[in-house]
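Student: Chains as they are written, first to last, in this note's numbering: chain A, 2 to 479; chain B, 2 to 479. Backbone N, C-alpha and C fix where the C-beta goes; we use that ideal spot for every residue, glycine too. Please read these numbers as outputs of a predicted model, since none were measured by experiment.
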């Protein structure tokens, strides 16, 4: 059945503090919960509803997207959006509708409500260059009859041959020094971090961290009872004075390419932090999430490579260099933590599929992986340069400052304007351009910080980058 | 370098309370920690060491296996066993050597130290019948160019089409009633349980559980601060009086085929427990780990199918019906918990690979999965019957009682003997037969319970089952 549009009568106030899409979300959610929109009802398209309510399509799109992400709607390809039974079930437990927070939730739906042609998401990678044929061939090889052991449980720590390849690879590209036995394979960065926090909770009461972190990390930390001490960020990394004043037993860092702000931790600060760890017995957690990708002349090796005292825990992932859906990551544990992992090893299960682990091992052993990394580095460097050039073309130094360049898969544009980040993003979305805020990642209550927009370029082609930036520039100049 | 065998001088006492293999483990571990056996040293083979020490190969095998599992040794195919650097690293932090506990640790090494030809492991499945060609073909299909979205992150809750297939399948075979939106996909049972415990910890202070649980569950629980109340087990399930006397807000159960003891929770007790949950607002956690496999006439549907009050959480896995290395499992959440999951969904990452999820979806959609389940059910029923017959042939009712039959992939033999479980297992291993104890799973300090041996039959052929039981019977009669 189709929802009778004339029954949809939200009271929307464009002048209100709450953004339009949040008001609309709350209205539709309320109608669903009250049963006035029953399950399996087809909702009007964004165009129809926008026309009815006399607002732009953007807040409708955002509200629908949030309802989809929250499970109240389901998208049926070529049919439209329908309500699920969740509203009825949920209404039985009287939940309070929570309007979507300011931070954008990771869009987990592969097919978005309305395709946003220019999505500068930071997690996106260029899957068009993923070596699908070769990967499929190796997976099939893993599944052959003589390999039937690979169909059973496998090594709790991760397959030994893969760990050996990873140790060699990390040493080669990041200077990491470890034996394969120090590596623990995981099913993605959050799994590896979760494992690590389990190991640390015995002796870490306070965790210091960069004052802006990825929302997934924030949420994971909420499950633990570590006290948090945010460390202010400077152009070359965390403020050392804040570290000196902290009571932390561990520090969480993204030293190669701070997320989200993109600065690189300087050599001077690295040396100081390693010394701090040595003196205090504290740990340094190095999340090197996009460490393969450095484009400028300064090759800065990992923090771990300079650690002579077993204080650094190194975390990396294959989600960027290969693709996220393989779900493979790794922890390099210093001896004391490795010992703890092994002693407690009955507590853990290996969540990463041994089939994919073996496939990746074969891929690395053949040399194809290293060729792929080189190819992707060159490709991403090129996209990086295209984005940088496009931003410079449309934004003079008076308009905005570009930061976080030279590494990784994203950079930032700090706009010299009074407009709020959220407003700029909404305007961009109206032009079919999806960019991302940074204020949501802050752990501090920052007063009027200039709006800083994050542009990820991994998932876009050169043309899309140029066109996207052009439209963005047009959108925000109005 | 090879270890000088003459330097290996453990003082072993066959009459001591501590088993030989535990004494030997402690000795070798001590030598490694003290640096008297350096890293990268090749150890003597089990045959050589057994001959030197004038003991049987079995305790040497067990001690080596434990050292391997603990990371002090590494196995180099066709070369032998070598010490790792772990001993040196570990010795720097002065760890106390913990001899292996009585419970056998899950052997995570696909190629065991010495191949044990007759391994009655409960987690093993018959991978010879895994539809490898079809699976490989579908995986390749998922990786095709038009499907490149599947290489990105996917749905946090798990791919919608797969959840729809699972809902339909569970309804068909287990009577589970749910919408696809109530399903959360996981990367194996422990991941799903971990997710569930995260959701429950808000309002569950005390968890009641069957008085014997799988050691993985035990270890997972150790990470949470629930108080535990063990419920005594009777022939038809948990003791209701214990439930009535408990303060628990949730009860963890394996109602279809108790692990490890194999009894099925009776209808009468199911009704009582569902009523208990309705009255108290408590949750019933139903781990239906081998629910597809029932062989007797009594088709007992899931507990969830009889739940009209949203109290039951249903957990299942594809590890048994397909294979463990795919790492796919599912939670069916009642509305209140689903709501909590969705509200907190930023806390979670999807650890199960979207590629495998999509592959499984295609496999289920084609009908091949259902055919596979039927085939495996028939195959396992046959093996079940073969094992039962073999046990009955070698053990009269005076010798032992066979329990836990009629379902799942294991059964038990309770022997009427003074010998200890551990001793019987060691004797069996000497004949190349690996069987499993049950006392290690108990949460209670059970005084002299008759030794109850677990036989898993999933991974063995008919001939192996017969020969294995024959050798076991011979071994324990001496």
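Along the chain, where does the beta strand (DSSP E) that runs through residue 217 of chain B open and close?
Tutor: Careful: residue 217 of chain B lies outside any beta strand (DSSP E), inside the alpha helix (DSSP H) at 216-222.
Student: Between B:471, B:419, B:451, which has its C-alpha nearest residue 434 of chain B's C-alpha?
Tutor: B:471
Student: Could you please give the first and the last residue of the uninterrupted alpha helix (DSSP H) stretch that includes residue 246 of chain B?
Tutor: 241-246
Student: According to DSSP, simplified to helix, strand and coil, what is residue 75 of chain A?
Tutor: strand
Student: Which whole runs of the alpha helix (DSSP H) in the segment 328-401 of chain A are 4 residues long or more, in chain order?
Tutor: 336-344, 355-366, 369-395
Student: Tell me, please, whether the CB atom of residue 63 of chain A is closer than 7 Å to any CB atom in chain B?
Tutor: no
Student: Go ahead and pull the three-state DSSP assignment for residue 198 of chain B.
Tutor: Assigned with DSSP and collapsed to three states, residue 198 of chain B falls in helix.
Student: With burial defined as no fewer than 16 other Cβ atoms inside 10 Å of the residue's Cβ, what is the status of residue 168 of chain A: buried or exposed?
Tutor: buried
Student: Answer with buried or exposed for residue 5 of chain B, where buried requires no fewer than 16 other C-beta atoms within 10 angstroms of its C-beta.
Tutor: It is exposed - the Cβ of residue 5 of chain B has fewer than 16 other Cβ atoms within 10 Å.
Student: How many whole angstroms separate the CB atoms of residue 188 of chain A and residue 188 of chain B, which I take to be in contact at a CB cut-off of 8 Å?
Tutor: 6 Å
Student: Chain E partners of residue 324 of chain A, CB-CB under 8 Å?
Tutor: Looking for chain E here will not work: the only protein chains present are A and B.
Student: Is the beta carbon of residue 266 of chain B closer than 7 Å to that of residue 238 of chain B?
Tutor: Yes, they are a contact pair.
Student: Which of the three DSSP states is assigned to residue 120 of chain A in this structure?
Tutor: strand
Student: Report yes or no: is there a C-beta of chain A within less than 7 Å of the C-beta of residue 381 of chain B?
Tutor: no
Student: Where does residue 28 of chain A fall in DSSP's three states?
Tutor: helix
Student: Where do the ends of the alpha helix (DSSP H) carrying residue 165 of chain B lie?
Tutor: 161-175
Student: Using a Cβ-Cβ cutoff of 8 Å, what residues of the segment 191-211 of chain B are near chain A? List them in chain order.
Tutor: 191, 192, 199
Student: Contact check, residue 349 of chain A vs residue 312 of chain A under 8 Å by CB: the rounded distance?
Tutor: Residue 349 of chain A to residue 312 of chain A, Cβ: 23 Å. No contact.
Student: Measuring only between beta-carbons, confirm whether residue 356 of chain B sits less than 7 Å from chain A.
Tutor: yes
Student: Please state the DSSP three-state secondary structure of residue 3 of chain A.
Tutor: strand
Student: Within 10 angstroms of the Cβ of residue 246 of chain B, are there 16 or more other Cβ atoms? Answer buried if so, exposed if not.
Tutor: exposed
Student: Leaving out five residues before and five after residue 43 of chain B in sequence, what residues of the same chain have Cβ atoms less than 8 Å from its Cβ?
Tutor: 2, 3, 4, 80, 81, 82, 83
Student: Throw me the rounded Cβ distance for the residue 414 of chain B and residue 370 of chain B pair, which I believe falls under 8 Å.
Tutor: Incorrect: roughly 33 Å between the Cβ atoms, too far for contact.
Student: Assuming residue 329 of chain B contacts residue 361 of chain B under a Cβ cut-off of 8 Å, what Cβ separation, rounded to an integer in Å, is found between them?
Tutor: Here residue 329 of chain B really is in contact with residue 361 of chain B; their C-beta atoms are around 6 Å apart, less than 8 Å.
Student: At the level of alpha carbons, what is the spacing between residue 1 of chain A and residue 199 of chain B?
Tutor: Residue 1 of chain A lies beyond the range of chain A shown here (2 to 479); nothing can be said about it.
Student: Taking only beta-carbon atoms, is residue 159 of chain B less than 7 Å away from chain A?
Tutor: no
Student: At the level of alpha carbons, what is the spacing between residue 218 of chain B and residue 191 of chain B?
Tutor: Residue 218 of chain B and residue 191 of chain B: Cα-Cα distance of roughly 7 Å.
Student: Three Cβ pairs or more, each shorter than 8 Å: is that satisfied between the segment 204-211 of chain B and the segment 245-264 of chain B?
Tutor: yes
Student: Grab me the residues of residue 99 of chain B's own chain with a C-beta within less than 6 Å of its C-beta, minus the 5 sequence neighbours each way, in chain order.
Tutor: Confidence at residue 99 of chain B is low in this model, with a pLDDT of 38, below 50, so the placement of that residue is unreliable and no value is reported for it.
Student: Among B:139, B:443, B:22, whose alpha-carbon lies nearest the alpha-carbon of residue 359 of chain B?
Tutor: Of B:139, B:443, B:22, the residue nearest in Cα terms is B:139.
Student: Can you find a CB in chain A that lies within less than 7 Å of the CB of residue 189 of chain B?
Tutor: yes
Student: Can you tell which of B:406, B:231, B:458, B:344 has its C-alpha closest to the C-alpha of residue 258 of chain B?
Tutor: Checked all of B:406, B:231, B:458, B:344; the closest Cα to residue 258 of chain B is B:406.
Student: Taking only three categories from DSSP, how would you classify residue 205 of chain A?
Tutor: coil
Student: Would DSSP call residue 263 of chain B helix, strand or coil?
Tutor: coil
Student: State buried or exposed for residue 479 of chain A, treating a residue as buried only when at least 16 other CB atoms are found within 10 Å of its CB.
Tutor: exposed
Student: Am I right that residue 303 of chain A and residue 117 of chain A are in contact with their C-beta atoms under 8 Å? What's the rounded C-beta distance?
Tutor: Their Cβ separation, rounded to whole angstroms, is 35 Å, which puts residue 303 of chain A and residue 117 of chain A out of contact at 8 Å.
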